[in-house]
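All remarks here apply to the structure that follows.
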Amino acid sequence: MKKICIYMFCLGLMLTGCAVGPNYTKPDAPIPLEFKGNKNWKIAEPKDHLPKGSWWEIFEDDVLNKLEKQAGEANQDLKAAMARVMQARSVAEIAESEFFPSLDMNPSARRSRTSAGHGTTVTENLFSLPFDLSYELDIWGRVRRSNEAAEAELSASAADYATVLLMLQADVARNYFQLRALDREIDIVKQTAGLREESLKLVQSRFKNGYTSKLDLERAKTELANTEAEGAALRKTRGSLENSLAVLLGKPASNFSLPPENLKIHVPEIAPGLASSLLERRPDVAGAERLVAAANARIGVAKAAFFPTIRLTGSAGYQSGETSSLLDRASRVWSLGPGISLPIFNGGRNRANMNKAEAAYDETVANYRQTVLKAVQEAEDGLTGLHFLGEQAKAQDRAVQAAENAEAISDERYKSGLVSYLDVVDAQRTALQAKRAGIQIWGEYLVTTVRLVKAIGGGWE
């Protein structure tokens, strides 16, 4: 029996030399050589200049660093993504197990009686202790293609986890910067409300002394109330952002608060490098490409169904009518031989499965190319956004300075009786709007920087 087993094993090795279905080649991706929005940026070597790992540390904000750490440890979407990776790993292990034979022990005990129609009846016992072996000869590569698909899907699942992590990190940073921009806006509105109160006191004094009309007094009251209402609206928006941040951190919104701070956050310069590096740095692009590889392997699995399946089966053990002699040498039994299953007619099922696998491959290729196009768009949006936000910020700084000068001049002229209070109100409104617009641009610049870092893959490689 030993010689027969060796012979059959060697035969299996010789027969498993080919795998049907197409060998995988990476599909072409519609990616440019460089970014069109990169003209005003310093060109750097791919990867060397890009933020690695904890990319948010480039903003040099300790609070943000702590929030990112908490999110990475407790976010539920991230935990779900990790669970999907573990599932994919188990599927890959199941696929790999098909490379090996299966061995089972199937003991049984039976008592039987033959029919009396033959003239005599026999009652007997039969005790069996067999070990059953089964092994599929992977002649057409079905097992290998299944394993290729499972391994590619595992890699895609790992890339999906990295994508979820990158999105989480970007969302935490985006919410945080929007919240800090609101803190600065709220502070400006609060300061403006204080100035409105001083203006109201001045108008009330002038009204009592007969130097101004009741109309000016009511205008001053209106401006103070409007400013206070704007502050309340900003605090409402801040509360919503704070609650969103709590969910990202995996905490109940009721148990989380972030004290207001008027911080001057470091704004780094991000040089994106070459557009082709997106294929290496974006986890969603890598994941989409791995799904193409998996779909390609599934074509081989579907094609293998057109060919015969050859399986080696064997059994060895003991069989006896008495338990006392079950393990005796004379009770040994064995059998070994191949079995073949040849598909002849199945109503077109195999052809339909093949067509389905090929269509699924075409779908993954289209999804991969669409993912690349979206990656390029997001990077271009980030580059263009930062460029024009920089220009906008400079112009807004000039607008703020001019508005503050106009506000001071109108206030002095009103005190001298040269202009009406309507001119003061108009100047104050313009100054407040200019200051708030400047803060909003600052916040948007930070958020766009985060979007650009995310667009070029963050710290993933």
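Residue numbering for the sequence shown is -19 to -1, 1 to 442, as defined by mature numbering (1 follows the signal peptide of the UniProt record, and there is no 0).
Beta carbons are placed, not taken as given, at the ideal position from N, Cα and C, and that holds for glycine.
Item	Value
Cα-Cα, which of Leu196, Arg310, Ile167 is closest to Glu242?	Ile167
List the endpoints of the continuous alpha helix (DSSP H) containing Phe369.	330 to 396
Rounded to whole angstroms, what's the CA-CA distance from Ala374 to Asn224? Just pull it up for me.	29 Å
Can the beta-carbon of residue 469 be found less than 8 Å from the beta-carbon of Leu259?	The structure shown has nothing for residue 469, since the chain only spans -19 to 442.
Evaluate Lys60 with the Cβ neighbour count: other Cβ atoms within 10 Å of its Cβ, from every protein chain shown; 16 or more gives buried, anything less gives exposed.	exposed
If we call anything under 8 Å between Cβ atoms a contact, is Asn56 one with Leu149?	yes
With distances taken from CA atoms, which of Tyr402, Val266, Asp42, Leu147 is nearest Pro8?	Val266
Once DSSP output is grouped into helix, strand and coil, what is the label at Tyr299?	strand
Measuring straight from C-alpha to C-alpha, what distance separates Val346 and Leu354?	12 Å
What is the DSSP secondary structure of Leu427, counted as helix, strand or coil?	helix
Please name the residue in Leu413, Ala389, Val72, Phe40 whose C-alpha comes closest to that of Glu211.	Leu413
Helix, strand or coil for Leu114? Go by DSSP, reduced to three states.	strand
Is it a yes or a no for the region 274 to 294 touching the region 148 to 162, going by three-plus beta-carbon pairs under 8 Å?	no
Taking 8 Å as the cut-off, decide whether the C-beta atoms of Pro88 and Leu110 are in contact.	yes
Would you list the one or two residues that DSSP bridges to Arg313?	Tyr299
Would you say the region 215 to 234 touches the region 43 to 57, given that touching needs at least three Cβ pairs under 8 Å?	yes
Which same chain residues, not among the five before or five after Glu117, have their C-beta less than 6 Å away from its C-beta?	Arg292
Which of the three DSSP states is assigned to Ala90 in this structure?	strand
By Cβ distance, which residues of its chain are closer than 7 Å to Glu388, with the 5 residues on each side in sequence left out?	Ala408, Gln409, Ala412
From Asp404 to Ser391, what does the alpha carbon distance come to, in whole angstroms?	7 Å
Who are the near neighbours of Arg92 in its chain, counting only those whose CB is closer than 6 Å to its CB and skipping five residues on each side?	Asn106
For the candidate residues Val44, Arg125, Asp119, Ala90, whose alpha-carbon lies nearest to that of Phe73?	The question names Phe, but residue 73 is Ala in the sequence shown. Selected option, being the one with the closest Cα: Arg125.
Please state the DSSP three-state secondary structure of Asp141.	helix
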